[in-house]
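Numbering (our numbering), first residue to last: 23 to 166.
All C-beta atoms in this analysis are idealised placements derived from N, C-alpha and C, irrespective of residue type, glycine included.
None of the values given here were measured: they were computed from a predicted structure.
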Amino acid sequence: MTMSTEIGALVSTAERDRISQVIHEAADLAFRARVQHALALRVGEHGLADLCRSKNAAGITLARWDALCASTRNAASPKEFMAFARVLRVSPRWLAIGGGDDPFEAPPAGWEVFGSHADQPGVQLEFSKRLDEGLMPKWERAIA
């Protein structure tokens, strides 16, 4: 029995829902901080006009952009989320940290395929669990 299974067996449905809500809120806060950090770097390097061109080229409307900036769970599909990460010029895997629907279970099907760096398509990366003060992983390395 895994730790997540043990926790799931010990709590009531109402308590499980409350825990899930708290975890989702915390994950969304961390996600929004990563998005804001990535946006600041992206706009700082390439300007707002380039960001808008990239967003439009990816087919992301302003309403979808706002939804995607709020939570990983707002992504209509892994493909849309990956396009969002490419516009931000960050790794989709890093951006999706903690994005599973149920904190007691593995991430939903499709999310585990994230991992190609925007600048090196097809290269799978792994990241440190610890983040620096800018909420970026302390290191990343290619997986052989």
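Taking C-beta atoms as the reference points, leucine 117 and leucine 61 fail to come closer than 8 Å. For glycine 81, no alpha helix (DSSP H) segment is defined, and its DSSP state is neither H nor E. If you look at threonine 35, you'll find it in the alpha helix (DSSP H) that goes 35-68. Scanning Gln58, Arg64, Leu63 and Ile41 for the CA closest to the CA of serine 93 turns up Gln58. Beyond the five residues adjoining it in sequence on each side, cysteine 91 comes within less than 6 Å, by CB distance, of Val57 in the same chain, given in chain order. In this structure, alanine 107 and serine 113 form a Cβ contact; the two beta carbons are roughly 7 Å apart against a cut-off of 8 Å.
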